[in-house]
Amino acid sequence: MLQQIAEGLTHLLFPRLCAGCNKPLLPEEDILCLNCNVYYLPRTAYHHLPENETILRFAGRFPFEKATSLAYFTGEGLLQHLLHELKYNDRKEIGTFLGLQLAYDLKQTGWANSIDAIIPVPLHPDKEKLRGYNQSIIIAEGMSDVLAVPTLPNALERIRNTESQTQKSREERIANVQEAFAVKDAEKIKGKHLLLIDDVLTTGATLESCALALLNAPGVRISIATVGIAV
Ligand SMILES: [Zn+2]
Numbered sequence: 140m141l142q143q144i145a146e147g148l149t150h151l152l153f154p155r156l157c158a159g160c161n162k163p164l165l166p167e168e169d170i171l172c173l174n175c176n177v178y179y180l181p182r183t184a185y186h187h188l189p190e191n192e193t194i195l196r197f198a199g200r201f202p203f204e205k206a207t208s209l210a211y212f213t214g215e216g217l218l219q220h221l222l223h224e225l226k227y228n229d230r231k232e233i234g235t236f237l238g239l240q241l242a243y244d245l246k247q248t249g250w251a252n253s254i255d256a257i258i259p260v261p262l263h264p265d266k267e268k269l270r271g272y273n274q275s276i277i278i279a280e281g282m283s284d285v286l287a288v289p290t291l292p293n294a295l296e297r298i299r300n301t302e303s304q305t306q307k308s309r310e311e312r313i314a315n316v317q318e319a320f321a322v323k324d325a326e327k328i329k330g331k332h333l334l335l336i337d338d339v340l341t342t343g344a345t346l347e348s349c350a351l352a353l354l355n356a357p358g359v360r361i362s363i364a365t366v367g368i369a370v
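Throughout the sequence shown, residue numbering follows our numbering, covering 140 to 370 in sequence.
Right under this line is the structure:
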């Protein structure tokens, strides 16, 4: 009883607000109100399609099983805002939320049934220390719960601190991240079907570099899922 009163008071004094429109959330809503979630987080439904834009971006670059993205990422869009809050404003709960959304979508269709473990794209240790966390690990851990597979945040490591990618051309981005990653513990991943996770897919240079490193371990198969796809 006391706890309920305390929760009621907390809700009155500090209402949980939608990360999209700032209106108070209903008790059954989390992070986004239903309206923002349905109308402003445009889902790709790519996991239903045997061919989709995420697959096309990686086609011919390295062997992979499946690839998908949850939602379209556009400048000034809601997803852009959410990922900015996650990366630069310490809103880790947004990462968990996005991981859950992605995993629920994949689970519905059995897309991830053969996945053995989730590998988040590593940040360089210096950058992770500065930010305090790696946003891809937060997303991956949200997915782990739903898909009931472990996240292996230390299987891969970033051995070179790459420069910011935002102002670079596709070719420059690819050159920038080549050989930036290495497998830390091949024993842990050998023979496994790994789901590589990142926040946004642009050229795919970072994910390609990760995949090429992981494929050095014996018997590894790769699938890819990102929260956003830049279009
Ligand atoms: Zn809203």
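Glycine included, every Cβ here is placed at the ideal spot set by N, Cα and C.
Under 8 angstroms by Cβ, that's how I've got residue 212 and residue 206 pegged, so tell me the actual separation to the nearest angstrom.
The Cβ separation is near 15 angstroms, so there is no contact.
Under 6 angstroms: does the beta carbon of residue 110 sit that close to some heavy atom of ligand 1?
Beyond the ends of the chain as shown, which are 140 and 370, falls residue 110; an answer cannot be given.
Apart from the five residues on each side of it in sequence, which residues of its chain come closer than 7 angstroms, Cβ to Cβ, to residue 254?
286, 288, 332, 334, 362, listed in sequence order.
Would you call residue 240 buried or exposed, if buried means 16 or more other Cβ atoms sit within 10 Å of its Cβ?
Around the C-beta of residue 240, 16 or more other C-beta atoms lie within 10 Å, and the residue is accordingly described as buried.
Using the C-alpha atoms, what's the distance from residue 183 back to residue 236?
In a straight line, the C-alpha of residue 236 is about 17 angstroms away from that of residue 183.
Rounded to whole angstroms, how far is the Cβ of residue 258 from the Cβ of residue 353, which I believe are closer than 8 angstroms?
The pair is a contact, with the Cβ atoms about 7 angstroms apart (cut-off 8 angstroms).
Would the stretch 220-233 count as touching the stretch 152-169 if we require 3 or more Cβ pairs under 8 angstroms?
Put simply, the stretch 220-233 touches the stretch 152-169. At least three CB pairs are less than 8 angstroms apart.
So what's residue 224 in DSSP terms, helix, strand or just coil?
Three-state DSSP puts residue 224 in a helix.
Residue 332 in three-state terms, based on DSSP:
Note: residue 332 maps to strand in three-state DSSP.
Residue 363 by DSSP, collapsed to three states: which one?
In the structure shown, residue 363 sits in a strand (DSSP, three-state: E or B).
First and last residue of the uninterrupted beta strand (DSSP E) at residue 215:
Segment: none, residue 215 is in no beta strand (DSSP E) and carries neither H nor E.
Starting from the Cα of residue 308, find the closest Cα among 191, 175, 344 and give me that residue.
Comparing Cα positions, the closest option is 344.
Quick check: the Cα distance between residue 295 and residue 162, rounded to an integer number of angstroms?
Whole-angstrom Cα-Cα distance: 40 angstroms.
Please determine whether the Cβ atom of residue 175 lies at a distance below 6 angstroms from any heavy atom of ligand 1.
Yes, Cβ of residue 175 sits closer than 6 angstroms to a heavy atom of ligand 1.
Can you give me the C-alpha to C-alpha distance between residue 209 and residue 140, rounded to a whole angstrom?
When rounded, the distance between both Cα atoms is 40 angstroms.
Given this structure, state the Cα-to-Cα distance separating residue 264 from residue 326, to the nearest angstrom.
One alpha carbon belongs to residue 264, the other to residue 326, and they sit about 22 angstroms apart.
Cβ-based neighbour list, residue 346, same chain, cut-off 8 angstroms, excluding 5 preceding and 5 following:
Counting only Cβ-Cβ distances below 8 angstroms, and skipping sequence neighbours, we find 197, 260, 335, 337, 340, 363, 365.
With 16 other Cβ atoms within 10 Å as the buried cut-off, status of residue 276:
With 16 or more Cβ atoms within 10 Å of its Cβ, residue 276 is classed as buried.
Count the other CB atoms, across all protein chains shown, that sit within 10 Å of the CB of residue 356; report buried if there are 16 or more and exposed otherwise.
By the Cβ neighbour-count rule, residue 356 is buried, with 16 or more other Cβ atoms within 10 Å of its own.
Quick check on DSSP: helix, strand or coil for residue 209?
In this structure, residue 209 counts as strand in the three-state DSSP scheme.
If you compare alpha carbons, which of 318, 280, 230 is closest to residue 290?
If we check each option's Cα against that of residue 290, 280 comes out closest.
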